[in-house]
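Trainee: Listed in order, the protein sequences are those of chains U and E. By my numbering, the letter at position 248 of the first sequence is numbered 248, and the numbering carries on one by one without gaps. By my numbering, the letter at position 607 of the second sequence is numbered 607, and the numbering carries on one by one without gaps. Dropping a structure here in structure tokens format, bear with me for questions.
There are 2 protein chains.
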Amino acid sequence: MAYSTNTIASEALQSSAMPGEETRIVIGNVTPQIDCGRFPVKRIVGETVTVEADVFRDGHDQIAGAVRYRQRGAREWQEAPLTFVDNDRWRGSFALEEVGSYEFTVTAWTNTFGSWFRDMQKRVAAGQDVRSELLEGRRLIEAAAERATGADQQRLQSGLREAATEDVSAALAVMLDDGFAEVVQRYPDRSAAAMSAPLLEVKVDRERAGFSAWYELFPRSYSTTPGQHGTFRDAARRLPAVRDMGFNVIYLPPIHPIGRINRKGRNNTLVAESGDVGSPWAIGSAEGGHDAIAPELGTEEDFAFFVQTVQELGMEVALDFAIQCAPDHPWVKAHPEWFYQRLDGTIRFAENPPKKYEDIYPINFYGPHQADLWNELLRVVRLWVGRGVRIFRVDNPHTKSVPFWGWLIGEIQREDPGVIFLAEAFTRPKMMQALAKEGFTHSYTYFTWRNTKWELTEYLTELTTTEMAQYYRPNFWPNTPDILHEFLQHGGRPAFKLRFVLAATMSANYGIYSGYELSENIPVRHGSEEYLDSEKYQVRQREWEQPHSIAPFISRVNQIRREHPALQQTNNIRFVHTDSESIIAYVKQSPDRSDTILTVVNLDPFSTRECQVYVPAWELGLPTGGAPFVAEDLLTDSRYTWHDGGNYVRLDPRHEPAHILRLSPEGFR
Amino acid sequence: MAYSTNTIASEALQSSAMPGEETRIVIGNVTPQIDCGRFPVKRIVGETVTVEADVFRDGHDQIAGAVRYRQRGAREWQEAPLTFVDNDRWRGSFALEEVGSYEFTVTAWTNTFGSWFRDMQKRVAAGQDVRSELLEGRRLIEAAAERATGADQQRLQSGLREAATEDVSAALAVMLDDGFAEVVQRYPDRSAAAMSAPLLEVKVDRERAGFSAWYELFPRSYSTTPGQHGTFRDAARRLPAVRDMGFNVIYLPPIHPIGRINRKGRNNTLVAESGDVGSPWAIGSAEGGHDAIAPELGTEEDFAFFVQTVQELGMEVALDFAIQCAPDHPWVKAHPEWFYQRLDGTIRFAENPPKKYEDIYPINFYGPHQADLWNELLRVVRLWVGRGVRIFRVDNPHTKSVPFWGWLIGEIQREDPGVIFLAEAFTRPKMMQALAKEGFTHSYTYFTWRNTKWELTEYLTELTTTEMAQYYRPNFWPNTPDILHEFLQHGGRPAFKLRFVLAATMSANYGIYSGYELSENIPVRHGSEEYLDSEKYQVRQREWEQPHSIAPFISRVNQIRREHPALQQTNNIRFVHTDSESIIAYVKQSPDRSDTILTVVNLDPFSTRECQVYVPAWELGLPTGGAPFVAEDLLTDSRYTWHDGGNYVRLDPRHEPAHILRLSPEGFR
């Protein structure tokens with residue numbers, strides 16, 4: 001709800017002012033629009049926004065209109081003409097050429113000359129005396145000529161001269177000429193044009209926000225010396241291999257000094273033993289806080305080297321932003337008022353009674369200290385942007401003030417609209433939606449817990465066909481350091497492969513947590529989604545080169561994503577019918593329809609499944625009536641001759657759990 | 001769209017002010033709401049509004065809230081508590097006790113004590129040391145005690161005294177007492193309460209707006225002397241018979257002096273012969289305009305007598321308001337600028353090229369004269385309100401400025417919120433909706449052209465289950481002086497009866513044009529919906545007492561409507577399944593579920609039809625599992641024993657085309 005309009009609306013309800021002619025044309029139900037314009041819709045630079053509105057007025061007069069739009073901050077409005085759709089619905093669209101924000105509104109005016117032109121044709125056809133109407137038409141053309149410029153103006157003026165004759169039919173020949181009328185209507189009288197309100201906004205993000213593959217890693221695990229704590233430079237040596245797998249975002253958990261007071265031990269034990277490295281999310285110690293780098297990872301220069309290496313490999317660094325402090329975080333001493341102080345003088349650690357998290361102090365966002373605190377948090381994010389980080393993965397944003405995020409993201413993106421924020425909120429649906437509306441570029445989803453065909457179909461349909469498609473940009477993660485779903489625990493390598501294919505082909509944005517390629521699947525205990533010997537609390541060095549690694553499979557899928565624009569969008573997904581509850585199939589097509597990818601996945605990691613997959617050939621622009629087209633499996637390079645209707649598919653999860661099929665009339669790449 | 005918020009919204013988009021704590025709780029998707037609060041929803045006095053909203057905040061703290069509401073103009077807000085529904089959805093409701101306008105908003109705050117109470121119970125259960133939390137609880141109770149008054153304050157203070165002990169368990173016994181906690185939570189700290197915006201409005205109409213039966217008559221046809229022009233006093237003699245038929249609104253076409261220039265003759269001929277009375281919609285002559293009474297109908301006193309007679313019979317007068325003028329209307333001379341002046345100096349008559357309506361001049365609503373014109377139109381309506389007319393049927397409002405109606409109705413209802421306006425707009429859906437949003441109390445509908453089971457089901461479902469149910473109050477007319485549908489032309493007496501039952505039982509508000517009871521069905525020509533010898537252009541005296549008159553049937557149906565609250569609402573309609581395309585069935589139930597009416601209509605006026613009607617007994621609170629209940633036909637007094645599932649129905653249109661069945665467990669009225 002738009003709090004700021006409270007008083008205005010109240011006045012509006014009571015106002016009895018006589019409305020001016022600019023309200024005569026009714027403009028309503030303008031789309032796209034989120035919560036009455038309180039929040040922007042989201043798009044990617046290079047895309048187009050199609051705006052629609054109900055536009056009409058009393059009587060029989062014709063109307064015309066336009067979508068007015070401009071980049072935020074620009075003074076001049078640009079316009080795209082409205083064209084009639086049906087049932088008083090009009091449509092116009094404009095291209096988003098710059099990253100940032102665009103605002104748009106809909107305007108409409110009475111097409112007086114168009115109405116005159118239409119009526120005049122009918123009058124003439126009925127053989128009526130039209131001399132008076134002829135004069136009126138002349139008036140309208142004269143007025144248009146005054147508004148016109150250059151060649152158009154000359155055309156109108158010469159037309160007026162020609163039509164200045166007693167010979168009615170000669171005058172009509174000029175004034176009822178379609179081309180001439182078209183010129184007249186380029187210069188309408190818009191003095192009483194209606195304008196929709198409020199202004200609506202489109203948030204335009206850079207391309208990576210629309211298409212990205214994330215890889216999460218803990219730099220401390222990348223020393224090649226057994227038992228030794230890894231550094232940025234150690235991790236940098238691993239980057240080429242990650243790039244070769246096809247990832248383009250390297251996501252780092254917090255890299256700040258880790259608290260020593262109440263530090264957690266391995267497997268989340270309450271008491272750390274000497275040598276335990278602690279959780280990166282327990283931020284801050286004598287060595288510094290959110291603006292510092294943990295010495296054991298390296299120096300600022302080492303971090304700069306890491307960032308630079310990532311960039312040289314065509315990737316980007318995403319940094320974790322977790323607003324919470326270890327008991328020895330510098331802020332605790334400097335600003336105890338930023339925390340919740342108990343009446344016994346101590347500071348309240350995080351808890352969800354009766355559970356206690358004594359290694360973490362939550363922040364109190366409100367109070368007399370609000371401005372100091374919020375500005376310090378803003379400073380921290382600015383600092384890391386200055387150090388080359390333009391992607392932030394935000395830890396548990398739903399446990400912090402929602403409007404705070406709108407403010408922080410707004411401030412940062414005002415300076416650099418290309419900065420991307422990913423909300424790690426695994427909570428109730430409306431909170432997750434609210435955070436996306438407030439400005440988060442990406443959002444984690446329930447994908448991790450959606451495993452059946454019905455669950456996946458329902459969820460993807462909600463994400464891509466409801467209002468959420470306008471503002472909620474999903475980022476699919478089959479695993480995270482916190483979530484090892486039992487489907488992966490029990491499904492083995494086939495489960496890892498099929499869940500990867502689902503994430504990478506359903507959503508244009510997805511990511512995995514390192515170790516996934518090795519099918520790491522041991523939980524800390526039965527019934528838990530936590531990893532055994534979780535990297536959150538200890539160093540985990542790995543032997544990456546293993547025969548069972550699915551890295552080659554991951555590389556191939558990411559290569560297919562890069563080569564196929566159809567897979568570089570999320571909302572273009574369309575599920576197609578299969579006659580097996582274990583096999584899900586969905587098609588994506590590029591905007592120009594030149595690229596059509598049908599993904600078929602066997603959701604059963606244990607057994608071979610077969611079924612008919614029904615291809616809606618007609619809707620995809622493929623041959624129909626039984627005529628053949630080519631289905632080429634981009635994973636195996638095998639080619640099949642398919643046709644509209646049912647096509648036989650058999651998937652053995654031990655071999656390949658999925659087809660990623662390029663459908664084409666002729667079958668050539 | 002809320003034009004007035006244009007600049008605000010634009011600023012909101014650019015603002016980077018730090019949001020205050022009062023925005024911390026998110027309140028969204030408040031319902032009922034029309035076009036972001038630009039227009040009110042409509043209700044009837046005595047009804048209740050149920051408000052819902054998404055309400056949530058960050059973290060684990062509990063929240064509480066209320067619907068704030070007040071009558072327009074009242075200073076004090078009243079509150080109804082919000083209760084949790086599901087999925088962050090909350091609900092509260094309030095009663096509408098006065099005709100007029102109510103405004104409401106949703107407020108919510110953090111229930112700090114409730115959160116403390118919940119957490120404390122968990123801490124105690126876990127055997128934790130809670131001494132510090134005990135102090136915090138004390139603080140919260142002390143603060144509540146300061147806000148509390150009277151007995152509550154004493155209860156809190158004595159509780160604090162009891163709890164002031166070193167004995168923790170004794171203190172807890174007091175502070176964790178449910179009754180005590182309930183008192184504490186009556187006095188929350190609302191200094192940072194969130195408030196939804198904009199203010200939303202409920203337009204509350206008087207009872208007749210919710211339940212009415214209209215009868216349209218031309219007083220000039222009611223002289224008992226053959227060939228003589230009737231008067232108000234003639235028409236008054238007919239009123240008891242109309243009352244006996246059960247109608248409660250007498251709608252009069254325009255009663256003003258009828259233009260003589262270009263007066264239309266019988267059957268809409270262009271040239272009137274001497275003695276032709278003309279169309280009442282060609283308003284104005286030397287004898288006066290919209291504020292005058294046609295001398296041939298009587299004097300102001302005669303009109304006052306007519307109005308009084310109507311009222312004494314428990315009915316009301318509805319007057320036609322048609323904003324257009326005959327060429328000899330006084331305004332034409334006095335204010336030629338109020339019309340469209342052609343360049344040859346003449347004034348433009350109404351036309352829809354190539355059609356011309358030379359007996360009528362349309363009004364030009366905009367220009368320098370706007371204020372004079374609009375205020376004069378306001379004066380005219382005020383004048384008739386002063387003469388006892390509180391219902392206006394507005395002629396073709398869609399050919400006049402839409403915002404004009406919002407302004408006019410607003411001005412009139414500010415003085416008398418009980419004045420009812422019916423929009424006679426037979427045009428495109430969105431214009432009809434816009435007029436209802438602007439303030440028309442009732443709206444004509446497409447009912448007249450909906451004759452098949454599918455058409456009726458689709459249309460009623462749209463009217464009663466979409467957003468339209470909130471603001472669009474339908475008024476069903478089987479016929480009007482302009483519309484004699486071919487279904488009536490060919491279907492004979494059964495068609496008139498079945499269409500009447502549909503109108504009177506589907507919609508709480510409906511009307512007929514006099515002559516309907518005699519099944520008048522002769523069109524002016526084949527394929528036309530106009531009556532032969534239309535009363536619009538001539539006097540039509542009728543012999544009302546005829547054996548084939550359906551007046552007794554009409555009386556019975558109207559009596560059933562009066563006796564059954566289930567039929568006194570429109571949006572409570574629910575269609576039930578029948579296995580015949582010719583038989584439609586729908587059930588209505590009173591809010592207290594004590595009155596359940598199932599109407600079954602044979603839509604085929606020519607042949608007997610039979611089918612099974614499936615009664616959803618469980619949903620209606622009727623016996624299930626094959627147990628019997630009584631279906632009593634209120635038209636024929638016959639009684640049937642029915643049960644859930646299919647029940648046999650046979651309807652012979654020559655006998656009765658419909659059942660109006662009262663369903664009851666025991667079967668007694």
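No residue lacks a Cβ here, since even glycine has one placed at the ideal position from N, Cα and C. Owing to the predicted nature of the structure, the values given are computational and were not obtained by experimental measurement.
Roughly how many angstroms separate the alpha carbons of U:Q157 and U:T441, rounded to a whole number?
Mentor: Their backbone Cα atoms lie some 53 Å apart in a straight line.
Trainee: Let me know the secondary structure DSSP gives U:R639 once reduced to three states.
Mentor: Of the three classes helix, strand and coil, the one that applies to U:R639 here is strand, per DSSP.
Trainee: Please identify, using Cβ separations under 7 Å, the residues of the stretch 15-40 of chain E that lie next to chain U, in order along the chain.
Mentor: Correct list: S16, M18, P19, E21, T23, R24, V26, I27, G28, V30, D35, C36 and G37.
Trainee: Return yes when the Cβ of E:G515 is within less than 8 Å of the Cβ of E:W477, no when it is not.
Mentor: Cβ distance not < 8 Å, so E:W477 and E:G515 don't count as in contact.
Trainee: Relative to the C-alpha of U:S664, which residue among U:K400, U:R593 and U:F94 is closest?
Mentor: Cα-wise, what sits closest to U:S664 is U:R593.
Trainee: Can you tell me which of U:R574, U:L651 and U:H655 puts its alpha carbon nearest to the alpha carbon of U:P670?
Mentor: The structure shown has nothing for residue 670 of chain U, since chain U only spans 1 to 669.
Trainee: Could you give the DSSP three-state label for U:G678: helix, strand or coil?
Mentor: In this structure chain U extends from 1 to 669, so residue 678 of chain U is not present and cannot be described.
Trainee: Can you confirm whether U:T399, when its beta carbon is compared against all beta carbons of chain E, has any partner nearer than 8 Å?
Mentor: Yes, U:T399 lies at the interface with chain E (some Cβ there is under 8 Å from its Cβ).
Trainee: Express the C-alpha separation of E:G289 and E:I261 in angstroms, rounding to a whole number.
Mentor: Spanning the two alpha carbons is a distance of roughly 14 Å.
Trainee: Residues in the same chain with beta-carbon distance under 7 Å from U:A272, minus the five sequence neighbours each way, listed in chain order, please.
Mentor: Here the set comprises R263, K264, G265 and G278.
Trainee: Hey, out of E:G127, E:R190, E:E142 and E:F247, whose CA is closest to E:R562's CA?
Mentor: Minimum Cα distance to E:R562 is reached at E:F247.
Trainee: Of all the residues that make up the stretch 367-393 of chain U, which are near chain E by a beta-carbon distance shorter than 9 Å?
Mentor: Cβ contacts with chain E come from G367, Q370, A371, W374 and N375.
Trainee: Give the single residue among U:P362, U:W407 and U:I412 whose Cα lies nearest to the Cα of U:G386.
Mentor: Minimum Cα distance to U:G386 is reached at U:I412.
Trainee: Assuming contact is defined by CB atoms lying nearer than 8 Å, are E:E438 and E:V402 in contact in what I supplied?
Mentor: Yes; because the gap between Cβ atoms is below 8 Å, this pair is in contact.
Trainee: Return the residue from the list U:P226, U:T107, U:I141 and U:R243 that minimises the CA-CA distance to U:E312.
Mentor: Checked all of U:P226, U:T107, U:I141 and U:R243; the closest Cα to U:E312 is U:R243.
Trainee: CA-CA distance, E:R393 and E:Y444?
Mentor: Spanning the two alpha carbons is a distance of roughly 10 Å.
Trainee: Closer than 7 Å: is that where the CB of U:L661 sits relative to any heavy atom of the ligand ADP?
Mentor: The model depicted lacks the ligand ADP and carries no ligand whatsoever.
Trainee: Output needed for U:Q341: all residues of its chain with C-beta closer than 8 Å, excluding positions within five of it in sequence on either side, in chain order.
Mentor: So the qualifying residues of the chain are I347 and R348.
Trainee: With DSSP as the reference, label U:L96 as helix, strand or coil.
Mentor: Coil at U:L96, not helix or strand.
Trainee: Counting only C-beta atoms, is E:A126 closer than 8 Å to chain U at any point?
Mentor: For E:A126, the answer is yes, since a Cβ of chain U falls inside 8 Å of its Cβ.
Trainee: From what residue to what residue does the beta strand (DSSP E) around E:P81 run?
Mentor: Start and end: Q78 to P81.
Trainee: Going by alpha carbons, who is nearest to U:E21 out of E:G73, E:K333, E:V124 and E:Q370?
Mentor: Considering only alpha carbons, the answer is E:Q370.
Trainee: Return helix, strand or coil for E:T309, following the three-state DSSP convention.
Mentor: In this structure, E:T309 counts as helix in the three-state DSSP scheme.
Trainee: Taking Cβ positions only, does E:A144 come closer than 8 Å to chain U?
Mentor: Chain U, which has no Cβ nearer than 8 Å to the Cβ of E:A144, makes this no.
Trainee: Would you give the residue range spanned by the beta strand (DSSP E) that U:K355 belongs to?
Mentor: U:K355 -> beta strand (DSSP E) spans K355 to Y357.
Trainee: With 8 Å as the limit, tell me which residues of the stretch 48-80 of chain U have their beta carbon closer than that to any beta carbon of chain E; keep them in chain order.
Mentor: Taking 8 Å as the Cβ-Cβ cut-off against chain E, the residues of the stretch 48-80 of chain U that qualify are D54, F56, R57, D58, G59, H60 and R72.
Trainee: Check whether chain U comes within 8 Å of E:A163, counting only Cβ atoms and requiring the distance to be less than that.
Mentor: Output row for E:A163: interface = no.
Trainee: Does the separation of the CB atoms of U:I391 and U:V317 fall below 8 Å?
Mentor: For U:I391 and U:V317, yes; Cβs fall inside 8 Å.
Trainee: Considering just the uninterrupted stretch of the alpha helix (DSSP H) at E:N375, what are its terminal residues?
Mentor: From DSSP, the alpha helix (DSSP H) with E:N375 extends over Q370 to G386.
Trainee: Could you tell me if E:G230 is buried or exposed, where buried requires 16 or more neighbouring beta carbons within 10 angstroms of its beta carbon?
Mentor: The residue in question, E:G230, is buried, as its Cβ has 16 or more Cβ neighbours within 10 Å.
Trainee: Going along the chain, which unbroken runs of the alpha helix (DSSP H) with 4 or more residues stay wholly within the stretch 584-618 of chain U?
Mentor: For the stretch 584-618 of chain U, not a single whole alpha helix (DSSP H) run of length 4 or above is found.
Trainee: Cα-Cα, which of E:W109, E:N558, E:R499 and E:R654 is closest to E:I584?
Mentor: Ranking E:W109, E:N558, E:R499 and E:R654 by Cα distance to E:I584 puts E:R499 first.
Trainee: By DSSP, does U:Y472 sit in helix, in strand, or in coil?
Mentor: Looking at U:Y472 - three-state DSSP - the assignment turns out to be coil, as it is neither helix nor strand.
Trainee: When DSSP builds the beta bridges, which residues end up paired with U:N262?
Mentor: The partner list for U:N262 (beta bridge, DSSP) is empty, contrary to what the question assumes.
Trainee: List, in order along the chain, the chain A residues whose C-beta lies closer than 8 Å to that of E:K588?
Mentor: Absent from the structure is chain A; the protein chains it does hold are U and E.
Trainee: Using a 10 Å radius around the Cβ and a threshold of 16 neighbouring Cβ atoms, would you call U:W90 buried or exposed?
Mentor: Buried: at least 16 other Cβ atoms inside 10 Å.
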